[in-house]
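Asks: First residue of the sequence shown: 5, per this note's numbering; consecutive thereafter.
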Amino acid sequence: MSMKPLLQLFAHQDVPDVPPIWLMRQAGRYLPEYRATRETAGGFLNLCYTPELAEEVTLQPIRRYGFDASILFADILLIPQALGQKLWFETGEGPRLTPTVNADGLEGSDIMQTLAPVAQTVARLSKSLPPETTLIGFAGAPWTVATYMVAGRGTPDQAPARELALNNPNDFQAIIDLLVAATIEYLSAQIEAGAEVVQIFESWAGSLRGVEFERWCIEPVAEIIAGLRARGHQQPVIGFPRAADYDMGVYVARTKCQALGLDTFANRREIMAQVPEEIILQGNLDPLVLVEGGDALDRAVDEIFDDFAGRRFIFNLGHGIVPHTPPDHVAQLVKKIRKIK
Ligand code: CP3
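1. Decide if the region 243-262 is in contact with the region 206-226; the criterion is three or more beta carbon pairs, one per stretch, under 8 Å apart.
2. Determine the contact status of V241 and A270, defining contact as a CB-CB distance below 9 Å.
3. In the DSSP assignment, the alpha helix (DSSP H) including S132 goes from what residue to what residue?
4. Nearest to A143 by alpha carbon, out of A335, E97, L49, A193?
5. Kindly examine the ligand CP3 and report whether one of its heavy atoms sits closer than 8 Å to the Cβ of G324.
6. Could you please give the first and the last residue of the uninterrupted beta strand (DSSP E) stretch that includes P99?
7. With a CB to CB cut of under 7 Å and the five nearest residues on each side skipped, what residues in its chain are close to V154?
8. Using only the alpha-carbon positions, how far apart do V22 and A178 sit?
9. Where does E94 sit, in a helix, a strand or coil, going by DSSP?
10. Per DSSP, which one or two residues make a beta bridge with A157?
11. Do you know whose CA, among T54, D175, A31, lies nearest A120's CA?
12. Just how far apart, CA to CA, sit Q89 and L183?
13. Express the C-alpha separation of S113 and A186 in angstroms, rounding to a whole number.
14. I need the DSSP call for N171, collapsed to helix, strand or coil.
15. So, under 8 Å CB-CB, Q239 and E200 are touching, yes? Tell me the CB distance rounded to an integer number of Å.
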């Protein structure tokens, strides 16, 4: 059997005619079959913690579209929950946690006791996925996860976490250190269960600058990747520092990630110039263009191919699929990409 297209891209320097494609949030509310399974599960967290159902929703977009990669169905906020923080989802609003300003009461938890079902989902998927589909595991980057832990919810500007980091860097560092250790543990478990690539989601990289960016975004991700390597895990890592106003050449050099995810507003040509050829780029179609479909979608795809010409890249969105995306537009996208030569 020939190698899986996405793993092939990591293993060789050649630029394929057709890039591998997968989409962030490819399993989700835009699919009627997802909504049905979520109903059966009785809520999003039950879905995450029930291996058969999490496996099912992970497979749904693969059956429909035949993506080159499948991302484990889970959430970046399961780690704080496994560390002992209360987590729930308010319907239509998003995540809620009991806010914390330090690591007290969170230390010493065996996170894999809570997260074992997630590893089981990975193990099931590594048997049930088609042979050509790569299985991607993931975790949130410590800074992004900490922004939710400190505020107890999503915030527009991450002010609670930024204030804590400025006013009480030692307490904030303790939270970050806890997350680094837990994330190494969690990603190692995913890899040992069969994840072939892992992505680290840094959704809120854009709220830090300069030394703060280096300390709270770059350094923890560098430690996580070094921790995985120290355990003998060689699987490629995709870093995704969203909206980072920073030299991405420095980010990849310091974190030692193998691929870099570009967000919707990232300047492809500028980043290509900053980042060495051996780093694979991923992205970055605007999710709203996917909602629009038609000619706008075709044009935006052509632009991405023009910019990335001659470079190894993974086709993806610049952020997750939005719930009102028409499923037919996703089919249009996959069809178009596989016709481009
Ligand atoms: O990409 C995938 O398909 C894999 C699964 C996945 C989910 N969340 C499922 C999910 C992944 C990789 C995530 C990552 C995640 N979760 C991030 C980083 C990426 C990003 O979007 O910036 C963040 C910040 C979270 C935290 C989170 N989870 C929020 C803010 C929300 C609410 C927003 C929303 O869309 O409802 C969630 C819920 C969530 N995570 C859903 C899904 C499918 C929707 C839950 C539902 O079915 O109601």
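Cβ atoms here follow ideal geometry from the backbone N, Cα and C, with glycine treated the same way.
All figures in this text were calculated on a predicted structure; none of them were measured in a lab.
Replies: So, from the listed chains and residues:
1. yes
2. no
3. 115-132
4. A193
5. Result yes, Cβ under 8 Å from the ligand CP3.
6. 98-101
7. P103, T104, V105, P164, A165, L168
8. 44 Å
9. strand
10. It should be noted that the sequence gives Arg, not Ala, for residue 157. DSSP, once it has assigned bridges, lists R100 as partnering R157.
11. Checking every option, the nearest Cα to that of A120 belongs to T54.
12. 12 Å
13. Using only the alpha carbons, I get a separation of about 9 Å.
14. helix
15. Right, their Cβ atoms sit about 6 Å apart.
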